Amino acid sequence: MYRIQGLLLATLVMVMPLQAVAAAESIVLGMGCFWGAEKRMSQIPGVLDVESGYAGGDARRVGYRDVLSEERKIERGRSDQRNHAEVVKVTFDPEQVSLTEVLAGFWQNHDPTQGDRQGNDIGSNYRSAIYWTTPEQRKAALATRDAYQKALTAAGYGPITTEIAPLRNYNRAEDYHQDYLKKHPKGYCGLGGTGVAFPGDSGTARSAAGKPAPRLDADALSFERQLIVFEAEDCPYCKQFRADVLNDWSSRVPVATTLSTKPPAGWTLKKSLFATPTMVLFENGKEVSRYTGYNTGDDARFWKWLGFQVLTPAQKRIAFAKGTEPAFTGSHLDEQRPGVFVDPITGAPLFRSDSKFHSGTGWPSFFQPIEGAITLHEDNSHGMHRVEVRSASSGIHLGHVFDDGPPPTGKRYCINGDVLSFVPDPQ
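Numbering (my numbering) for the sequence shown: 568 to 994.
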């Protein structure tokens with residue numbers, strides 16, 4: 568990390584030659600939400616400091632609430648003022664990193680083609696912008712814009728909408744906005760741009776986002792149905808999702824992960840990605856649903872989302888509405904092959920076939936679950952007192968347990984066959 572702030576910067580001033588400090592240059596950039604912009608730009612070697620602020624609007628003095636209030640007025644047609652954009656003031660040492668390299672990092676770390684928005688943040692206060700203070704900065708901004716436009720056009724993107732204008736009415740943002748993602752490591756985690764490299768970039772500026780990751784190979788995926796997890800480097804939510812869900816993945820839905828912001832060649836997303844992790848379910852090469860973001864304890868919500876995509880209506884009625892299939896109509900009633908019955912969403916084992924017995928009730932019955940596979944819950948619905956059985960991995964409703972089973976447990980786990988999948992033992 569090359570970022571220098573606060574006391575550390577003051578200490579550096581005392582020990583460095585004054586002319587080195589005096590040579591530092593600053594430029595103000597708008598990349599959407601300034602939290603992610605601050606973090607991304609600070610990772611460029613040679614950048615000394617990045618400060619969050621507001622600039623480019625008509626008002627001389629503003630704060631966060633002023634900018635939000637003005638945007639609401641603009642949306643309602645009650646103001647014709649130019650609002651400020653959320654910006655970062657990037658201070659860098661020209662002897663370590665050139666202005667062109669700083670601007671390359673700017674272009675690569677956001678999508679400059681979106682107009683008055685950036686990802687899911689919508690409004691003129693989230694516009695892409697370069698606010699220059701010298702003729703040299705203006706020249707570099709225009710030159711790098713034109714160069715990056717060629718690269719974007721070749722990649723299928725539209726025209727750049729970035730505002731390039733003289734700096735005016737800059738205001739430093741409130742203290743709680745400064746170094747926000749250092750204070751709150753689990754804050755908003757953006758994707759870091761389009762994945763299109765700045766032409767001729769030496770790699771110095773690109774270190775903030777890394778080289779654009781290659782797309783997944785479509786031939787190595789399941790065209791009929793495939794889950795893809797779009798991740799980003801240094802994303803704590805992605806690491807948590809891996810720990811909670813991906814590391815023990817046994818679902819029949821094939822899964823793949825990627826650092827690219829693009830789907831496999833020939834596959835299509837419904838809209839661009841704006842945060843990580845984003846889990847996208849593709850069917851026949853087209854996005855059918857997505858789940859964006861993840862936090863500790865969200866695994867049950869994720870599995871419910873996936874279940875709603877892959878289960879049949881009859882299965883969903885049982886799994887999520889505590890329904891019951893009619894007796895003698897469900898799946899696996901007569902299944903006796905050696906194997907394991909698993910959760911239809913997660914693929915987690917629930918019951919071994921050697922614990923299955925013919926109860927004559929019309930539902931698959933077991934005298935013992937696999938250890939840790941289920942959870943039990945009091946159920947007083949329909950005027951009865953029963954004990955509900957749920958899958959521990961996904962939380963879906965499976966059935967009920969009764970005390971009229973065979974030895975050695977004396978239990979009868981009465982399970983809806985339609986919410987079981989069977990995996991035979993290898994021959």
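C-beta atoms are modelled at their ideal positions from N, C-alpha and C, and glycine is treated no differently. It should be emphasised that the depicted structure is a prediction, and the values quoted were computed from it without experimental measurement.
{"Check": "Three-state secondary structure (DSSP) of residue 717", "Outcome": "helix"}
{"Check": "Cβ-Cβ distance between residue 675 and residue 767 below 8 angstroms", "Outcome": "no"}
{"Check": "Uninterrupted alpha helix (DSSP H) stretches inside the region 915-948 (no shorter than 4 residues)", "Outcome": "none"}
{"Check": "Same chain, Cβ closer than 7 angstroms to residue 729, five either side skipped, listed in chain order", "Outcome": "679, 695, 696, 697 and 712"}
{"Check": "Residue nearest to residue 811 in terms of C-alpha spacing, selected from 850, 793, 867 and 827", "Outcome": "867"}
{"Check": "Within 8 angstroms, strictly: CB atoms of residue 546 and residue 655", "Outcome": "This structure leaves residue 546 out entirely; the chain is present only between 568 and 994."}
{"Check": "Contact under 8 angstroms by Cβ, residue 905 with residue 937", "Outcome": "no"}
{"Check": "Spatial distance of residue 823 from residue 647 (CA atoms)", "Outcome": "48 angstroms"}
{"Check": "Cβ-based burial, residue 672 [other Cβ within 10 Å; buried from 16]", "Outcome": "buried"}
{"Check": "Per DSSP, the bridge partner or partners of residue 677", "Outcome": "Paired residues: none, contrary to the question."}
{"Check": "Stretch pair the region 813-830 + the region 780-788: three plus CB contacts closer than 8 angstroms", "Outcome": "yes"}
{"Check": "Residue 634 versus residue 765: straight-line alpha-carbon distance, rounded", "Outcome": "32 angstroms"}
{"Check": "Selected residue, minimal CA-CA separation from residue 704, among 609, 734, 982 and 870", "Outcome": "734"}
{"Check": "Inter-residue Cα distance where the pair is residue 744 and residue 619", "Outcome": "7 angstroms"}
{"Check": "Which of helix, strand or coil DSSP assigns to residue 771", "Outcome": "With a pLDDT of 40 at residue 771, under the threshold of 50, the modelled position of this residue cannot be trusted; read the value that follows with caution. DSSP places residue 771 in coil when its eight states are reduced to three."}
{"Check": "Spatial distance of residue 980 from residue 953 (CA atoms)", "Outcome": "12 angstroms"}
{"Check": "Alpha carbon of residue 702 to alpha carbon of residue 720, nearest angstrom", "Outcome": "27 angstroms"}
{"Check": "Exposure of residue 607, with buried meaning 16 or more beta-carbon neighbours within 10 Å", "Outcome": "buried"}
{"Check": "Alpha-carbon spacing of residue 877 relative to residue 818, whole angstroms", "Outcome": "11 angstroms"}
{"Check": "Reduced DSSP category for residue 588 - H, G, I as helix; E, B as strand; rest coil", "Outcome": "Confidence at residue 588 is low in this model, with a pLDDT of 48, below 50, so the placement of that residue should be treated as unreliable; the coordinate-derived value is given next. It is helical."}
{"Check": "Backbone secondary structure at residue 695 - three-state DSSP", "Outcome": "strand"}
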